[in-house]
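Written below as structure tokens is the structure these notes are about.
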Amino acid sequence: MDPVVHFEMPYEDRDRMIQFYESAFGWKAQKLGPEMGNYVIVTTANADVKPDAPRGSINGGFWEKRADWPAQVPAIVIGVGDIRGTMEKILRAGGKILGDPMQIPSVGEYVSFLDTEGNRASLLQPSM
1 MDPVVHFEMP YEDRDRMIQF YESAFGWKAQ KLGPEMGNYV IVTTANADVK
51 PDAPRGSING GFWEKRADWP AQVPAIVIGV GDIRGTMEKI LRAGGKILGD
101 PMQIPSVGEY VSFLDTEGNR ASLLQPSM
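The numbers in the UniProt record's numbering rise by one with no breaks, and the one at position 101 of the sequence shown is 101.
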């Protein structure tokens, strides 16, 4: 099975969103710059999905809402070993790929898709 390794949600006001999740849940936020789309990485546990991680815990991120992007709703990121092979499986199963895979420096390749129900999710092939 390919596991859920990350979650993502949109924001309208970055500082307000960070204040909420830090205050309500104690999460730690890291703001990225415009070159990374003003993305915010949030740490929800002391370790991410690695062999020494707390079982079942994942971290996440938030992106700035944009009028020209489809399906701006909370979504999951699924870790895969072969992003292009999984993209083909998604297409054969009736899904739709949203764009081309992009390289996230020191993280891996990433691409979003829609499932047969119109839900947006993403794939991440981690860098080795």
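Using N, Cα and C, we set each Cβ at its ideal position, and we do this for glycine too.
Just so you know, these numbers come straight off a predicted model, no measurement behind them.
Asked	Found
Using 8 Å as the cut-off, can you tell me whether the segment 8-26 makes contact with the segment 83-94, which would need three or more C-beta pairs spanning the two stretches below that distance?	no
Taking the alpha carbon of V5 as the reference point, which residue from D68, I76, A67, Y39 has its own alpha carbon closest?	I76
Classify E117 as buried or exposed, calling it buried when 16 or more other Cβ atoms lie within 10 Å of its own Cβ.	exposed
In the DSSP assignment, the beta strand (DSSP E) including D100 goes from what residue to what residue?	96-104
What's the gap between the Cα of I41 and the Cα of R92?	32 Å
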